[in-house]
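Chemist: This is the structure I have questions about; it appears just below.
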Amino acid sequence: MRGADFWANALPFNGPEGSMAVEIERKFIARPDVLAHCRSGTPLVQGYLYTDDANTIRIRQAGQRMLITWKSPRRGICRDEIEFAVAPVDGAALLARVPAGRRLEKTRFRVEHAGATWDVDVFGGALSGLILAEIELEREDQPVILPPWVGREVTDDARYRNSRLAGGAMPERSAA
C-alpha cells in the first residue's frame, strides 16, 4: 500500500470506547495586542511527515513531549484526529529527519476570554510576525464571543493550515 491507502488502514482508533476524536476548531488572525495577554507559553516544533488531500501526519515536540498526530480532511470546521505520545528519543530522531521546509516553530499561549480558552500561536523563523488564534468547540454551531484582538477568520483558508505554513511562505494577510 502507498500514501493515503497505507494511513487509512494502518492507524488505530484511540478515542473513548474505540471512537476517533473529532476536532472542531475555528482559526483567526490575531493582532499583536494579544501579546499583552500571553504569559507563559509552550514552544512547539512541528514536522510534517505526510500531507495530501486526505491526510496530515505530523510529529510535534511540545516542551519535552513528542506526539504523532494524524488528521483527516476537513468537513466544515470538523476533522477526525488521532494523537499519541512517542518516546522522546524516538520522536526527536523522527523530527530530525523532517526537512526544514516541512517544519515550523511557534510558541503556544493559552488565553482566556469570555469563559473560553483560546490557543494563541506566535510563529518564529520565516513566519515571524504571524499570530494565529484558535478556539476548539464542542459543536459546530456553538456561539463564540470574539476577543477584541482577533481579526479575520481563516478557518477555511488553506494558506493558514500549519502543514502549508511549514514551507515558510508567509500568506498575504491583513490584520483585520
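Numbering (the working numbering), first residue to last: 10 to 185. Ideal placement from N, C-alpha and C gives every residue a C-beta, glycine not left out.
#1: Use the C-beta contact count for Gln-73: other C-beta atoms within 10 angstroms, 16 or more gives buried, fewer gives exposed.
#2: Decide if Asn-171 is buried, meaning its Cβ has at least 16 other Cβ atoms within 10 Å, or exposed.
#3: Taking just the CA atoms, how far does Ile-33 sit from Arg-148?
#4: So, for Trp-158: in the same chain, excluding its five sequence neighbours on each side, which residues have a beta-carbon less than 7 Å away from its beta-carbon?
#5: Under the rule that 16 or more other beta-carbon atoms within 10 Å means buried, what is Val-98, buried or exposed?
#6: Helix, strand or coil: which one does DSSP assign to Ala-63?
#7: Confirm, please, whether the CB-CB distance from Arg-112 to Asp-128 is below 8 Å.
#8: Going straight from the alpha carbon of Ile-154 to that of Pro-82, what length do you get?
#9: Around the Cβ of Phe-2, are there at least 16 other Cβ atoms within 10 angstroms (buried) or fewer (exposed)?
#10: As a quick exercise: from Leu-146, Arg-161, Ile-140, pick the residue whose alpha carbon is nearest that of Met-179.
#11: Need the endpoints of the beta strand (DSSP E) that Val-159 sits in, please.
#12: Go ahead and pull the three-state DSSP assignment for Arg-84.
Modeler: According to the structure shown:
#1: exposed
#2: buried
#3: 7 Å
#4: Ala-39, Arg-40, Asp-42, Val-43
#5: exposed
#6: coil
#7: no
#8: 26 Å
#9: The shown model of the chain, from 10 to 185, leaves out residue 2, and the question about it has no answer.
#10: Ile-140
#11: 159–162
#12: strand
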